[in-house]
Amino acid sequence: MTAQNKGVQDSTIRLISENGKTIDVFGPADITRETTDAIVNAANSSLLGGGGVDGAIHRTGGPAILAECRQIAGKIGSLAAGKAVITTGGNLAAKYVIHTVGPIYRGGASREAEKLASCHRESIRLADEHRLNSLSFPAISTGAYGYPLAEAASVAISATIDALAIAAHVTKVRFVLFDVSTLKIYVRAAKRLASSTASFQVEEVF
Ligand code: AR6
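So for the sequence shown, our numbering puts the first residue at 1472; every next one is plus one.
This is how it looks when you write it as structure tokens:
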């Protein structure tokens, strides 16, 4: 699959906080081409790869990423939903990959929102611990794991706003959305959350 290019670049936006931190909602685009310090992988608990964005990251990043994932899995067994670990970016432009496991959506009453928020908080915290300045997220859990897009967008962006506010090093977060319909839904959620949080300005940047 390739990212669709349907001329919706004008709906791609940037939220800017009072202290200059930014959240971009960008697409349609392939996250493996991102040049942020880290990209986030929507992995599964085995950490041993899969389809979707996980498959694309391992294909493009090469075997060094999987080798490190195997080492981590050997130590911790499996990674629970909502947790995150970091590896090299291998052949990617991004220096690191942060692997997080989104919740499988089972109707909404199985703490899915809490786990999805945790994916974003933990990924940003881990990037911050490694003194990284920037990272990019895909739409975690919205593919194979079936999370409804509008709900996932709200949870992901609001957790990111909170985590970015307390980060010492991370100043730039990007949501890199693969297709037009996902992009539009994340843009809508970002605009709504920015307008309910007086401390954010919204710019149409691309
Ligand atoms: N760049 C950006 N986004 C992408 C790309 C890409 N190259 N490829 C797909 N997406 P999914 P999940 C989007 O299924 O729902 C894997 O097998 C995709 O269109 O990748 O968290 C893992 O191993 C969708 O919007 O992740 C797990 O078993 C979003 O990424 C399981 O899938 C997430 O879709 C995780 O499922």
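Even for Gly, the Cβ is constructed at its ideal location relative to N, Cα and C.
Considering only residues of the same chain and omitting the five flanking positions on each side of Ile1575, which have a CB-CB separation below 6 Å?
Tyr1616
What separation, rounded to the nearest whole angstrom, lies between the Cα atoms of Ala1474 and Val1647?
Annotation note: pLDDT 48 at Ala1474 (below 50); position unreliable, no value reported.
So, with DSSP's three-state summary, where would you put Arg1485?
strand
Which runs of the alpha helix (DSSP H) at least 4 residues long sit entirely within the stretch 1551-1605? Give them in chain order.
1583-1600
With distances taken between CB atoms, is the gap from Ser1594 to Leu1606 smaller than 8 Å?
yes
Assigned exposure category for Lys1586 - 16 Cβ within 10 Å defines buried:
buried
Just confirm the distance between the C-beta atoms of Ser1448 and Leu1664, as a whole number of angstroms; I'd bet it's less than 8 Å.
With the chain running from 1472 to 1677 in the structure shown, residue 1448 is simply not present.
Identify every run of the alpha helix (DSSP H) within the stretch 1619-1672, keeping only runs that are complete inside it and at least 4 residues long; order them along the chain.
1620-1636, 1651-1667
Is the Cβ-Cβ distance between Gly1521 and Gly1561 less than 8 Å?
No, they are not a contact pair.
Buried or exposed: Pro1609, going by 16 or more other Cβ atoms within 10 Å of its Cβ?
buried
Spatial neighbours of Ala1638 in its chain, beta-carbon cut-off 7 Å, leaving aside the 5 residues before and after
Ile1595, Asp1599
With burial defined as no fewer than 16 other Cβ atoms inside 10 Å of the residue's Cβ, what is the status of Ser1612: buried or exposed?
buried
According to DSSP, what are the bridge partners of Asp1495?
Arg1485, Arg1645
For Val1524, which of helix, strand or coil comes out of DSSP?
helix
Ser1605 beta carbon near ligand 1 (any heavy atom closer than 7 Å):
no
Rounded to the nearest angstrom, what separates Ile1569 and Arg1592 at their Cα positions?
12 Å
Do Phe1649 and Gly1498 have their C-beta atoms closer together than 8 Å?
yes
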